Amino acid sequence: MTPVWRKSSHSGSDAGTSDCVEIAQLPGEIGVRDSKAPEAPHLVLGAADWHAFARRVKRGKHDLP
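In our numbering, the protein residues as written are -5 to 59.
Structural data, given as structure tokens:
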């Protein structure tokens, strides 16, 4: 299976504004990578861990001061 990487629709498409993380659905897991370095290794999280992380982000638990 070839992962289909996607990024937020809030990410820009210009060269200076398109840097962000991308995610891909993998079998039972979620892949996370840096859009500036797509060939570099990526982080793999279990689906449950990814969803817990996403919930915390949505609640502002990881906002920078």
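Ideal placement from N, C-alpha and C gives every residue a C-beta, glycine not left out. Note that the structure is predicted; figures quoted are calculated from it, not measured.
Taking C-beta separations shorter than 8 angstroms and ignoring five residues to either side along the sequence, the partners of residue 20 in its chain run -5, -3 and 38, following chain order. Following the DSSP letters along the chain, one finds residue 51 inside the alpha helix (DSSP H) bounded by residues 41 to 52. In this chain, the beta strand (DSSP E) harbouring residue 23 covers 23 to 28. Non-local C-beta neighbours of residue 27 in its own chain, meaning closer than 6 angstroms and more than five positions away in sequence, comprise 16 and 36, ordered along the chain. Taken atom to atom, the span from the alpha-carbon of residue 24 to that of residue 49 is near 15 angstroms.
Scanning its chain for C-beta atoms nearer than 8 angstroms, with the 5 sequence neighbours on each side dropped, one finds around residue 0 the residues 16, 17 and 18, in chain order.
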